[in-house]
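Engineer:
Protein chains: 2
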Amino acid sequence: MFIPEFRDIESAMELIAPHVHRTPVLTSRQLDAITGARLFFKCENFQKVGAFKFRGATNAVLSLSGSQRAAGVVTHSSGNHAAALAHAAVSRGVKAYIVMPSSAPEVKKRAVAGYGAEITFCEPTLAAREAAAAEIIRRTGATMIHSYDNFFIIAGQGTAAIEMLADIPAPDAVIAPVGGGGLLSGSAIATRHLAPAAKIYGAEPLLADDAARSLHAGAIQPALPPRTIADGLLTSLCERTFTVIRESVNGILTVTEEQITEAMTLIWTRMKIVVEPSAAVPLAAVLANRELFRDKSVGIIVSGGNADLSKLPFAQDA
Amino acid sequence: MFIPEFRDIESAMELIAPHVHRTPVLTSRQLDAITGARLFFKCENFQKVGAFKFRGATNAVLSLSGSQRAAGVVTHSSGNHAAALAHAAVSRGVKAYIVMPSSAPEVKKRAVAGYGAEITFCEPTLAAREAAAAEIIRRTGATMIHSYDNFFIIAGQGTAAIEMLADIPAPDAVIAPVGGGGLLSGSAIATRHLAPAAKIYGAEPLLADDAARSLHAGAIQPALPPRTIADGLLTSLCERTFTVIRESVNGILTVTEEQITEAMTLIWTRMKIVVEPSAAVPLAAVLANRELFRDKSVGIIVSGGNADLSKLPFAQDA
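Residue numbers (our numbering), protein chains in the order written: chain R, 1 to 318; chain L, 1001 to 1318.
See the structure below:
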């Protein structure tokens, strides 16, 4: 089992830098006043395809061998990884086969199709997704690019933290949302090297608290059936990400659905940027743990901005 | 009737620069591809209080005499000008009396109160607002700062265009939304001086097309009863703004409610920034007039980001 080291994230940074946006780090005096912390938001909602996932996908595509490029790439994903891999592959002339559950948000289906991928719809179960992907691999020889259980994906996701830490002087803490753990693992490897004094936290919905339970139990716990609005954080850890998280992460902070909606409302109304629910989970964790972060300098990875405007959590006046 | 010249906008720029954000000019390859134009968005949604109005209000407050400062300022406004004047005045130790219709959006009432203004609620008619403001002036001697029929306000709003034109090489056109005409007048005066070859357009909802009708008739036409979602653009022109607009603006482009919602959806989903409906009206005008702007370099003033999340125009899934 290969796990990236810091030099692998540095290599990914060099490889993908010409192809990804160097996203801004934004601050907000209002949110600092509300939380009592000094917050630095690394805005991957402004990344291409609207999420950090484009970093890992680009690193994976650029790391293919010649024969792999010719056969194409395949993945199963209901979310941003699907769009990211589609765009990273097709824009470099590599065929992308994407397996999506038919229940995926319309906005994400349209995005994947728009990037020129070949979509195969399947039932919304992991077994159906894996079977559909396996069939495509048999038929085409395409290379599987898992959304987080992949060396190059984890290394690519870690580049957001490299950029962020270049813009933040000596943070006391770094927080990333955790679903399958690709972003958190990459961020942890980069932060341990570049800011060894910083605490590293994952943030996840209480309704999808498998990472917290896994750390507590000392073994990977499966994700519960998905009920949270943070639809990017439904997946379970894998051995690769769990190994990194167990070694390098100081804790997993869990938040309620109400706290996620409150944090998302604050980001939209005070910072005037569009973030998806999953991306608001780290700010929700700061709000739910004020004493832990009081007067601390905190780097937050804002994971994505692909909110489905037809399914917003804000109460609508009649 | 005093009307600002370019040097008055330059003076305003010097006066307010230490107190306002220099907002970014953003571009979007996706929106360029959709419109066929090259668009430059001057993001006043990131301005303090979330709107360009803070520029004019700051200029007006900083231009008060000593005795005027001591007596305070008053205005009647249902929207961003109220918050802007409240913040500009109170943060400099000047008392702010704000008359708001009781029907004003909750988000804007809370903002004005939060900035420390003294609010007087009244019936939602212009007569009631003016009467309430007159009573405050009688009682306190406060100086009336009208939201657009004011020399310093117009000069202050023009500073957004000065900054924008420093960031855009030789635009073919500049578009600003038009309600009372303060932003459009200030933008027109600045653009005529700095980019004399550029066309200048106002953009307004068809349901509040009083500026277009006024230009056509050659005399100010009153605004219709407010029905548009672009609630920042309900007011009528005044002689001061009409004079500038008649002399310097090439045309007023009107758009439907559906076009405003479509443009707002594009800005939120493609650019990942929160803009209020009024701020989407110029992009709606580009979409509705593709031939006019094809291959043209177009500067758009994104007027504000104070969208009421409880009253969004996007259809919600059941």
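We put the beta carbon where it would ideally sit given N, CA and C, even for glycine.
From the DSSP output, in three-state form, read off H146/R for me.
Structural biologist: The answer is coil: DSSP assigns H146/R none of H, G, I, E or B.
Engineer: Would M164/R and K42/R qualify as a contact pair, given that the criterion is a beta-carbon distance under 9 Å?
Structural biologist: Taking 9 Å as the Cβ cut-off, M164/R and K42/R qualify as a contacting pair.
Engineer: What residue does the beta strand (DSSP E) around M1100/L start on, and which one ends it?
Structural biologist: Taken as a continuous stretch (DSSP letters only), the beta strand (DSSP E) holding M1100/L covers 1096-1101.
Engineer: If we define contact as Cβ-Cβ less than 9 Å, is V249/R a contact residue for chain L?
Structural biologist: By this cut-off, V249/R is not an interface position.
Engineer: Can you give the beta carbon distance from V1249/L to I1189/L, rounded, assuming they're within the 8 Å contact cut?
Structural biologist: Rounded, the Cβ-Cβ distance is 11 Å, inconsistent with contact.
Engineer: Within 9 Å (strictly less), CB to CB, does K1272/L reach chain R?
Structural biologist: At least one chain R Cβ lies under 9 Å of K1272/L.
Engineer: Tell me which residues share the same chain as L207/R and place their Cβ nearer than 6 Å to its Cβ, disregarding the 5 neighbours each side in the sequence.
Structural biologist: Excluding sequence neighbours, L207/R sits near R227, T228.
Engineer: Cβ atoms of V99/R and I154/R: under 9 Å apart, would you say?
Structural biologist: The answer is no: Cβ separation not under 9 Å.
Engineer: For A1161/L, collect the residues of the same chain with a Cβ closer than 6 Å to its Cβ; drop the 5 residues on either side in sequence, then sort them by chain order.
Structural biologist: Closer than 6 Å at Cβ, skipping near neighbours: S1187, A1190, T1191.
Engineer: Assuming V255/R contacts V274/R under a Cβ cut-off of 8 Å, what Cβ separation, rounded to an integer in Å, is found between them?
Structural biologist: Actually they do not touch by this definition, with Cβ atoms about 20 Å apart.
Engineer: Whose Cβ in chain L lies nearer than 7 Å to the Cβ of S310/R?
Structural biologist: Residues of chain L passing the Cβ test: F1314, A1315, Q1316, D1317.
Engineer: I believe A279/R touches V302/R by the beta-carbon criterion, under 8 Å. Please report the beta-carbon distance rounded to the nearest angstrom.
Structural biologist: 5 Å between Cβ atoms; contact.
Engineer: Counting C-beta neighbours from all protein chains within 10 Å, is the total for T125/R 16 or more, i.e. buried, or is it exposed?
Structural biologist: Exposed, because fewer than 16 other Cβ atoms sit within 10 Å of the Cβ of T125/R.
Engineer: Starting from the N-terminal side, write out each stretch of the alpha helix (DSSP H) that is 4 residues or longer and does not extend beyond the region 1129-1188 of chain L.
Structural biologist: Segments of the alpha helix (DSSP H) lying fully in the region 1129-1188 of chain L: 1151-1157, 1159-1167.
Engineer: Please name the residues in the region 1043-1056 of chain L whose beta-carbon is closer than 7 Å to at least one beta-carbon of chain A, in chain order.
Structural biologist: No chain A is present in this structure, whose protein chains are R and L.
Engineer: In whole angstroms, give me the CA-to-CA distance for A83/R and H76/R.
Structural biologist: Roughly 11 Å between the two C-alpha positions.
Engineer: Please list, in chain order, the chain R residues whose beta carbon lies closer than 7 Å to that of G1305/L.
Structural biologist: In chain order: K272.
Engineer: V1073/L and A1089/L look like a contact to me (Cβ under 8 Å); what is the Cβ gap, rounded to whole Å?
Structural biologist: The Cβ separation is near 5 Å, so the contact holds.
Engineer: Give the single residue among F1002/L, C1238/L, V1178/L whose Cα lies nearest to the Cα of A1230/L.
Structural biologist: Looking at the Cα atoms, V1178/L is the closest of the given residues.
Engineer: Does any residue of chain R bring its CB to less than 9 Å from the CB of T1265/L?
Structural biologist: Chain R contact via Cβ: present.
Engineer: Going by other Cβ atoms of all chains shown within 10 Å of its Cβ, with 16 needed for buried, is S1065/L buried or exposed?
Structural biologist: When all chains shown are included, S1065/L counts as exposed.
Engineer: Less than 9 Å between CB atoms is the rule here; does V320/R satisfy it with respect to chain L?
Structural biologist: Residue 320/R lies beyond the residue range present for chain R, which begins at 1 and ends at 318; the question has no answer from this structure.
Engineer: Please state the DSSP three-state secondary structure of S1297/L.
Structural biologist: Three-state result, S1297/L: strand.
Engineer: Run through the DSSP bridge pairs and tell me what V1112/L is partnered with.
Structural biologist: According to DSSP, V1112/L bridges with nothing at all.
Engineer: Is DSSP giving A1203/L helix, strand or coil here?
Structural biologist: Residue state, collapsed to three classes: strand.
Engineer: Cβ closer than 7 Å: which chain R residues qualify as neighbours of T1269/L?
Structural biologist: Neighbours of T1269/L on chain R, chain order: L309.
Engineer: Who pairs with G1093/L in a beta bridge, going by DSSP?
Structural biologist: Answer by DSSP bridge pairing: none, since G1093/L is not bridged.
Engineer: Counting along the chain, where does the alpha helix (DSSP H) carrying K42/R start and finish?
Structural biologist: Premise fails: K42/R lies in the beta strand (DSSP E), 38-43, not in any alpha helix (DSSP H).
Engineer: Specify the secondary structure class of F1314/L as computed by DSSP and reduced to three states.
Structural biologist: If DSSP states are grouped into helix, strand and coil, F1314/L belongs with coil.
Engineer: Quick check: L1062/L and I1003/L, are their CB atoms within less than 9 Å of each other?
Structural biologist: Contact flag unset, no.
Engineer: Going by the CB atoms, is the gap between P1205/L and I1260/L shorter than 9 Å?
Structural biologist: Contact: yes.
Engineer: Straight-line CA distance for I1009/L to A1166/L?
Structural biologist: So the alpha carbons of these two residues sit roughly 14 Å apart.
Engineer: Please state whether DSSP places A1198/L in a helix, a strand or coil.
Structural biologist: Looking at A1198/L - three-state DSSP - the assignment turns out to be coil, as it is neither helix nor strand.
Engineer: Could you please give the first and the last residue of the uninterrupted beta strand (DSSP E) stretch that includes H76/R?
Structural biologist: Per DSSP, H76/R belongs to the beta strand (DSSP E) from 73-76.
Engineer: Under the rule that 16 or more other beta-carbon atoms within 10 Å means buried, what is S1103/L, buried or exposed?
Structural biologist: Exposed: under 16 other Cβ atoms inside 10 Å.
Engineer: Within the 9 Å Cβ cut-off, does V20/R reach chain L?
Structural biologist: Closer than 9 Å: no.
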